[in-house]
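When we follow numbering that gives the first Met the number 0, the leftmost residue of the sequence shown carries the number 0, and every step to the right adds one. Structure, as structure tokens:
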Amino acid sequence: MSREESEKLVRNQGEFLLRKTELTKRGEVVVLSVFWDEAAHHLNISDLVRYHHQTRVSVYKSGIKLFSWVVREEWQLYHEQINLGKKLGNGEFGEVFQGMFSVGIFTNDVEVAVKTMKGSKVTADER
0 MSREESEKLV RNQGEFLLRK TELTKRGEVV VLSVFWDEAA HHLNISDLVR
50 YHHQTRVSVY KSGIKLFSWV VREEWQLYHE QINLGKKLGN GEFGEVFQGM
100 FSVGIFTNDV EVAVKTMKGS KVTADER
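Structure (structure tokens):
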């Protein structure tokens with residue numbers, strides 16, 4: 000949703016919505032659009048989290064504060080690194096696709112098989 004579209008929707012003090020927006024350098028970003036003091040304001044969720052982490056201002060009336068974030072492990076991938084191709088097969092717990100894995104901008108993509116898991120039928124132990 001664009002900034003302009005969100006401004007048509009939030010018109011009363013305190014009304015807000017969350018929207019995804021495309022920024023050229025940073026990819027897709029989640030933005031909080033809120034109407035306050037007779038104007039729409041657009042706040043990047045990452046910036047809000049960073050503010051609460053750095054200032055130690057509580058994020059909730061119970062006093063919840065953000066102290067440290069969980070670091071992504073080196074082996075964990077971003078969804079954007081995988082491009083799914085044709086379906087190769089399926090089984091009880093999911094489907095298998097041909098895919099391409101983008102390792103980085105200075106390396107060639109790697110052909111991979113990608114297994115997707117079906118819904119909530121699979122327990123953590125079965126994964």
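Ideal Cβ placement from N, Cα and C applies to all residues, glycine included. Computed from a predicted structure; not experimentally measured.
For Ala112 and Leu87, which I take to be in contact (beta-carbon distance under 8 Å), what is that distance rounded to the nearest angstrom? Here residue 112 is taken as the residue at index 113 of the sequence shown, counted from 1. Here residue 87 is taken as the residue at index 88 of the sequence shown, counted from 1. Confirmed, about 7 Å.
Are the Cβ atoms of Ser32 and Leu47 separated by less than 9 Å? Locating residue 32 in the sequence shown gives position 33, counting from the first residue. Locating residue 47 in the sequence shown gives position 48, counting from the first residue. Contact flag unset, no.
Nearest to Leu76 by alpha carbon, out of Arg55, Asn89, Gly103, Val58? For the purposes of this step, residue 76 is taken as residue 77 along the sequence shown, with counting starting at 1. For Leu76, the nearest C-alpha among the options comes from Gly103.
When burial is assigned at 16 or more other CB atoms within 10 Å of the CB, is Ser5 buried or exposed? Counting from one through the sequence shown, the residue named residue 5 turns up at place 6. Result: buried.
What number of angstroms, rounded off, separates the C-alpha of Val95 from the C-alpha of Val28? As a position in the sequence shown, residue 95 is number 96, starting the count at 1. As a position in the sequence shown, residue 28 is number 29, starting the count at 1. Cα to Cα, the separation comes out at about 29 Å.
Please confirm whether Lys117 and Gly93 have their CB atoms less than 9 Å apart. In the sequence shown, residue 117 corresponds to position 118, counting from 1. In the sequence shown, residue 93 corresponds to position 94, counting from 1. It is a contact, given that the beta carbons lie within the stated cut-off.
Just to confirm, is the Cβ distance from Val64 to Arg55 under 9 Å? The residue given as residue 64 occupies position 65 in the sequence shown. The residue given as residue 55 occupies position 56 in the sequence shown. In the sequence as presented, Val is not what sits at residue 64; that position holds Lys. With respect to the 9 Å criterion, Lys64 and Arg55 are classified as neighbours on the basis of their beta carbons.
Shortest alpha-carbon distance to Glu110 belongs to which of Gln12, Ile81, Glu91, Gly90? Mapped onto the sequence shown, residue 110 falls at position 111. Closest by alpha carbon: Ile81.
Within the stretch 80-122, ranges of the beta strand (DSSP E) (whole runs, at least 3 residues): 81-89, 93-100, 109-116
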